[in-house]
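Some notes on the structure that comes next.
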Amino acid sequence: MEFIASAPNLRDIGGHVTADGRKVRTGLAFRAGALDRLTPADHEALLAGGVRLVCDLRTAGERASQPDRLPDGVDYLVLDVQRQGGHGADIAALFDDPTLIESLTSPEISEGFLVEVYRGMVTTPDAHEAYGDLLRALARPGTLMHCTAGKDRTGWGAALLLTLLGVDRRAVMDDYLASNEHLAESAAKIYALLDGTGIRQEIVRPLLEVRESYLNVAFDTVTATYGDLDTYVRQALGLTDADVAALRGLYLH
Numbered sequence: 093m094e095f096i097a098s099a100p101n102l103r104d105i106g107g108h109v110t111a112d113g114r115k116v117r118t119g120l121a122f123r124a125g126a127l128d129r130l131t132p133a134d135h136e137a138l139l140a141g142g143v144r145l146v147c148d149l150r151t152a153g154e155r156a157s158q159p160d161r162l163p164d165g166v167d168y169l170v171l172d173v174q175r176q177g178g179h180g181a182d183i184a185a186l187f188d189d190p191t192l193i194e195s196l197t198s199p200e201i202s203e204g205f206l207v208e209v210y211r212g213m214v215t216t217p218d219a220h221e222a223y224g225d226l227l228r229a230l231a232r233p234g235t236l237m238h239c240t241a242g243k244d245r246t247g248w249g250a251a252l253l254l255t256l257l258g259v260d261r262r263a264v265m266d267d268y269l270a271s272n273e274h275l276a277e278s279a280a281k282i283y284a285l286l287d288g289t290g291i292r293q294e295i296v297r298p299l300l301e302v303r304e305s306y307l308n309v310a311f312d313t314v315t316a317t318y319g320d321l322d323t324y325v326r327q328a329l330g331l332t333d334a335d336v337a338a339l340r341g342l343y344l345h
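Numbering follows our numbering, with no gaps: position 158 of the sequence shown is 250.
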């Protein structure tokens, strides 16, 4: 996928090697942050890269304030991970909801906020429906998943796919942590905006970063609640053996 400046966390999910030595094909699945600033040239790049379906994991409020701008020929599917409420770990919520910013009085509290977001991505009915539908959608070549920053809800979606395909946890984690590098410029702009607002950078930082501890919370919650990932995928997300086989047949070679 060609670099697109207006979508700084846009990247191919493929290219990883599985534990049994196979490889995840590239050009089939992609991840990104918000797609509300795409230009006609960006549209051409998306189409040339093979994107044919966009799965939007954001809330209704996020979709209304930053609607996707997609090229003709790309289908659009809403898969709201937090339909019944939730800030989506989105920094914009700090400015939109005064009660939230008032509640974040220390870095530890901010980190705890993200921890609960990750637990909810594993345990809530909205998330079960969204991630089940997402994994089934990913059986279609050219599927792009995204949220606002492309790091938390999208990060869990990518981690689920790669884990199901047999990529080991370290490689899955490295793919997840790469969002910090891809979003560094965006984070710097947010820190600059915070100057003079009274909001300390160290309180916001846990919301702008991905951390091993966050993704580990999601995996640990899977284990504590369902026993293992296969059970979670089948019981909570509703995937069948045929669904999993279709994903592995498409992506692995």
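Heads up, the beta-carbon is just placed ideally off N, CA and C, and yes, glycines get one too. All values derive from a computational prediction rather than experimental measurement.
- With respect to the C-alpha of Arg175, the residue from His220, Thr315, Ser195, Arg129 having the closest C-alpha is His220.
- Between the alpha carbons of Gln327 and Val109 lies a gap of roughly 27 Å.
- CA-to-CA, the gap between Ala279 and Val143 works out to about 27 Å.
- Taking the C-beta atoms as reference points, Val309 is found nearer than 8 Å to Val207.
- Beyond the five residues adjoining it in sequence on each side, Ser98 comes within less than 7 Å, by CB distance, of Arg129, Leu130, Thr131, Asp134 in the same chain, given in chain order.
- Annotated as distal: Leu299 and Met265, with beta-carbon spacing of 8 Å or more.
- Annotation: Glu154 to Thr240 spans about 8 Å, alpha carbon to alpha carbon.
- The way I'd put it, the region 225-234 does touch the region 326-341; three or more beta-carbon pairs between them come closer than 8 Å.
- Per the C-alpha coordinates, the member of Glu136, Glu200, Arg117, Ala156 positioned closest to Leu162 is Glu136.
- Between His238 and Pro100, the gap from beta carbon to beta carbon reaches 8 Å or more.
- Residue burial is scored here from C-beta neighbours: Ala124 has at least 16 other C-beta atoms within 10 angstroms and is therefore classed as buried.
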